[in-house]
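*Asks:* Questions regarding the structure given below will be posed in turn.
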Amino acid sequence: MRYAEVYESWQQDPERFWLTAAQSIDWDHAPSRTLDATRAPLYDWFADGQVNGCWNAVDRHVAAGHGERVAIIHDSPITGTVTKITYAELQHKVTRLAGALSARGVVKGDRVVIYMPMVPEALVGMLACARIGAVHSVVFGGFAAHELAVRIDDARPKAVLAASCGIEPGRVVHYKPLLDSAIEQATHKPDICLIFQREQERAPLIPGRDEDWEEASAAAEPVDCLPVEGNHPAYILYTSGTTGAPKGVVRPTGGHLVALDWTMTNIYDVAPGDVFWAASDVGWVVGHSYICYAPLIHGCTTVVFEGKPVGTPDPGTFWRVIADHGVKVLFTAPTAFRAIKREDPAGEYLKAHDISSLKTLFLAGERADPDTVRWAETLLQVPVIDHWWQTETGYTIVGNPMGIEPLPVKTGSPTVPMPGYEVHILDDGGHEVPAGTLGAVAIKLPLPPGTVSTLWNAEDRFVKSYLSTFPGYYETGDAGMMDEDGYLYIMARTDDVINVAGHRLSTGGMEEVLADHPDVAECAVIGAADALKGQVPVGFVCLTKGVDRPHDDITRECVARVRDQIGPVAAFKCCVVVDRLPKTRSGKILRATMARLADGEGFKMPATIDDPAILDEIKTALQTLGLAAAKS
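My numbering numbers the first residue of the sequence shown as 43 and each following residue consecutively.
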């Protein structure tokens with residue numbers, strides 16, 4: 043079947059489509075129906091089925107005779123080690139950690155916070171929770187103590203799984219003191235903390251609360267998988283909220299398994315045994331969906347990478363990992379490739395590695411600017427596929443179904459909606475806008491299986507945040523447009539659409555123009571308050587390594603490019619060269635925070651910011667532009 047036929051088959055009978063997809067999963071009790079709409083606009087999928095996530099990710103492959111297949115490759119250029127774990131070895135580790143948690147009173151429905159670096163034990167912890175029906179909540183390793191405390195108070199975990207430390211280039215991140223401080227600050231106190239002691243730093247344990255992970259696992263009796271209902275929460279994943287309070291996205295088990303397995307075949311075009319590498323972190327949704335669960339559910343080998351795209355040790359690290367492990371599909375954020383391009387624009391480091399195993403590069407997490415896509419296509423000589431999705435959805439909303447029918451790539455577009463998603467572009471009144479018109483991107487309800495079912499302990503907030511602006515639709519918070527062929531273009535977050543003298547303009551469109559400048563490696567455009575025009579765009583550009591031209595010349599050229607390609611209506615006159623852009627640890631540029639700085643407004647330091655000191659550099663740059671608010 044071709045894409046159009048598959049999509050139409052879903053439209054004609056969504057429940058039959060997903061019931062068929064559910065046959066790829068092992069059920070203890072197969073669901074008799076797919077969708078329960080009795081609580082609309084809240085929906086449940088596969089609610090009367092019984093299933094276990096760990097069985098589907100681990101045990102069934104061992105039972106099928108694939109125990110010696112490599113499940114996890116841990117590649118850590120930071121520690122100089124590579125470790126391979128087979129499915130049988132993974133089963134051994136998971137059953138005993140699950141036994142240790144069970145022996146300490148963790149039961150179905152209890153929450154377990156996981157605070158780990160990029161080591162295989164992070165996946166072991168997730169799967170051990172799934173095995174006994176516990177609900178895990180992974181918090182990015184090294185998160186500040188206060189932010190960890192906030193999440194502990196919201197999830198109220200019975201147990202915490204943590205490592206003694208994380209390793210970053212040139213430094214050790216002391217996890218245990220951060221965890222101790224978080225528990226001290228939190229109102230809720232977990233009963234037990236199991237600490238994975240890394241060779242690089244062993245942490246002191248607090249008697250009566252802390253235990254050694256390895257010792258507890260070694261002494262535990264292995265436990266079997268516990269079937270749970272299809273709508274039982276698999277995990278809670280906190281994402282930043284606009285109010286500063288984290289939002290705990292709840293992922294139901296059954297739909298999560300079905301949808302992720304479907305994507306591996308139909309979107310990523312991988313088969314059991316293939317090596318799949320999502321270069322992200324377990325603390326983010328990509329880490330949940332495509333480092334841990336999807337590859338293992340599908341019987342693939344997943345790469346757990348403890349390093350950076352540059353600096354560990356050089357811009358050739360990605361190519362070395364692909365070559366060493368025979369990676370078929372790489373999935374990463376555009377920011378990773380922008381970093382590589384900035385350090386090695388000619389791709390010299392690629393020459394030392396044979397990456398012929400690589401068949402496709404997938405990009406997601408932030409808009410894939412056309413300049414970066416074209417650079418990657420030229421360098422790698424494989425399809426470079428942008429696709430768009432969110433923490434809340436857990437997998438692709440709009441993409442290119444490489445396993446069904448590779449569609450023509452339109453640079454700048456993540457392509458077309460996948461089955462399960464009916465995407466609309468709406469104006470402020472909730473009315474459909476014509477093709478090519480910028481509007482709010484919304485998805486008609488119900489959302490497909492495996493997407494967010496609610497927010498943890500905050501159902502009213504879930505409805506208000508996502509389901510109230512456009513009744514009958516899920517509000518994505520993104521702005522974009524759709525062309526005559528049904529290709530979607532995500533231009534910005536809704537908050538990043540600026541109003542210049544009555545004209546609604548996309549900052550993303552201006553960023554595309556700036557990124558096309560030969561000296562620009564990375565850029566961001568924000569809207570700053572202006573007494574005359576309402577808002578004016580402000581551009582920040584980072585230069586490619588080795589560029590030594592006068593900055594004033596480059597910014598003048600950038601201004602001229604925007605005027606030529608978008609027009610005087612953009613009123614783009616402010617542009618400045620900066621060394622770095624403020625980002626989250628997952629690589630997303632903090633445009634909203636930059637805009638608040640430009641307007642002289644107060645803001646809460648984003649919990650996910652990679653380096654807070656960069657904000658001081660941005661403020662200085664804003665002041666050089668003469669923005670009155672930034673001067674105050």
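Note that CB positions come from ideal geometry on N, CA and C, so glycine has one too.
Note that the structure is a prediction, hence the values are computed from the model and not measured.
Among the residues of its own chain, which have a CB less than 6 angstroms from the CB of T435, if the five just before and after it don't count?
*Replies:* Cβ within range, chain order: T493.
*Asks:* For K218, count neighbouring Cβ atoms within 10 angstroms of its own Cβ and tell me buried if that reaches 16, exposed if not.
*Replies:* By the neighbour-count rule (16 or more Cβ atoms within 10 Å), K218 is buried.
*Asks:* What's the gap between the Cα of V317 and the Cα of G445?
*Replies:* 16 angstroms
*Asks:* State buried or exposed for H473, treating a residue as buried only when at least 16 other CB atoms are found within 10 Å of its CB.
*Replies:* exposed
*Asks:* Buried or exposed: M306, going by 16 or more other Cβ atoms within 10 Å of its Cβ?
*Replies:* buried
*Asks:* Where in the region 258-307 do unbroken runs of the alpha helix (DSSP H), each at least 4 residues long, occur, reported from the N-terminal end onward?
*Replies:* none
*Asks:* Taking Cβ to Cβ, would you say C584 is nearer than 8 angstroms to R384?
*Replies:* Yes, they are a contact pair.
*Asks:* How far does the beta strand (DSSP E) with Q242 in it extend, from its first residue to its last?
*Replies:* It is not in any beta strand (DSSP E) - Q242 carries neither H nor E in the DSSP assignment.
*Asks:* In terms of residue numbering, what span does the alpha helix (DSSP H) encompassing F379 cover?
*Replies:* P376 to E385
*Asks:* Quick one: measure Cβ to Cβ for T457 and I115, integer angstroms, because I've assumed they're closer than 8 angstroms.
*Replies:* Not quite, the Cβ-Cβ distance comes to about 30 angstroms (not below 8 angstroms), so this is no contact.
*Asks:* Suppose the cutoff is 7 angstroms on Cβ atoms and the five residues either side in sequence are ignored; what does the same chain contact list for S331 look like?
*Replies:* L302, G436 and Y437
*Asks:* Go to R363, then tell me how far its alpha helix (DSSP H) extends in each direction, as first and last residue.
*Replies:* In the sequence as displayed, the identity of residue 363 is Val instead of Arg. Where V363 is concerned, the enclosing alpha helix (DSSP H) stretches over T359 to H367.
*Asks:* Return the bridge partner residues of E210 from the DSSP annotation.
*Replies:* DSSP lists R213 as partners of E210.
*Asks:* Count the other CB atoms, across all protein chains shown, that sit within 10 Å of the CB of K135; report buried if there are 16 or more and exposed otherwise.
*Replies:* buried
*Asks:* Quick one, which of D254, N94 and V542 has its alpha-carbon nearest P269's?
*Replies:* N94
*Asks:* According to DSSP, is K370 part of a helix, a strand, or is it coil?
*Replies:* Three-state DSSP puts K370 in coil, outside helix and strand.
*Asks:* Quick check on M533: buried or exposed, where buried means 16 or more other Cβ atoms within 10 Å of its Cβ?
*Replies:* buried
*Asks:* Is it right to say S398 is buried, meaning 16 or more other beta carbons lie within 10 angstroms of its own, or is it exposed?
*Replies:* Classification of S398: exposed, given that the 10 Å Cβ count is below 16.
*Asks:* So, at 7 angstroms on beta carbons, what are the nonlocal neighbours of V48 in its own chain, with the 5 sequence-adjacent residues on each side left out?
*Replies:* I446 and P461
*Asks:* Whole alpha helix (DSSP H) runs in the region 398-442 with 4 or more residues, listed along the chain?
*Replies:* Every unbroken stretch of the alpha helix (DSSP H) spanning 4 or more residues and falling wholly within the region 398-442 is given here in chain order: 412-422.
*Asks:* Is the region 409-420 close to the region 547-565, with three or more CB pairs under 8 angstroms?
*Replies:* Judged by Cβ distances under 8 angstroms, the region 409-420 makes contact with the region 547-565, as three or more pairs qualify.
*Asks:* Would you mind stating whether L279 and A99 have Cβ atoms separated by less than 8 angstroms?
*Replies:* no
*Asks:* What does the Cβ neighbour count give for T377, buried or exposed, with the cut at 16 atoms within 10 Å?
*Replies:* By the Cβ neighbour-count rule, T377 is buried, with 16 or more other Cβ atoms within 10 Å of its own.
*Asks:* Straight-line CA distance for G522 to R44?
*Replies:* 26 angstroms
*Asks:* Where T496 and W431 are concerned, what is the direct C-alpha to C-alpha distance, given to the nearest angstrom?
*Replies:* About 17 angstroms.
*Asks:* What are the boundary residues of the beta strand (DSSP E) that includes C171?
*Replies:* Here C171 belongs to no beta strand (DSSP E); instead the alpha helix (DSSP H) covers P162 to I174.
*Asks:* Closer than 6 angstroms by C-beta to G184: which residues in its own chain qualify, once you throw out the five before and the five after it? Chain order, please.
*Replies:* G208 and V215
*Asks:* Less than 7 angstroms between C-beta atoms, sequence neighbours within five positions excluded: which residues of the same chain meet that for E50?
*Replies:* none
*Asks:* Rounding to the nearest angstrom, what Cα-Cα distance links F360 and T121 in this structure?
*Replies:* 16 angstroms
*Asks:* Look up S179 in the DSSP assignment and say whether it is helix, strand or coil.
*Replies:* strand
*Asks:* Assign D254 to one of three DSSP states: helix, strand, or coil.
*Replies:* It is a strand residue.
*Asks:* Thinking C-alpha only, which one of L422, C600 and A276 is nearest A176?
*Replies:* Ranking L422, C600 and A276 by Cα distance to A176 puts A276 first.
*Asks:* Could you have a look at Y515 and say whether DSSP puts it in helix, strand or coil?
*Replies:* strand
*Asks:* What do you get for A612, buried or exposed, if any count of 16 or more other CB atoms within 10 angstroms of its CB means buried?
*Replies:* buried
*Asks:* Indicate whether V181 and V155 have their beta-carbon atoms separated by less than 8 angstroms.
*Replies:* yes
*Asks:* Under a three-way DSSP split, which group does K350 fall into?
*Replies:* Coil at K350, not helix or strand.
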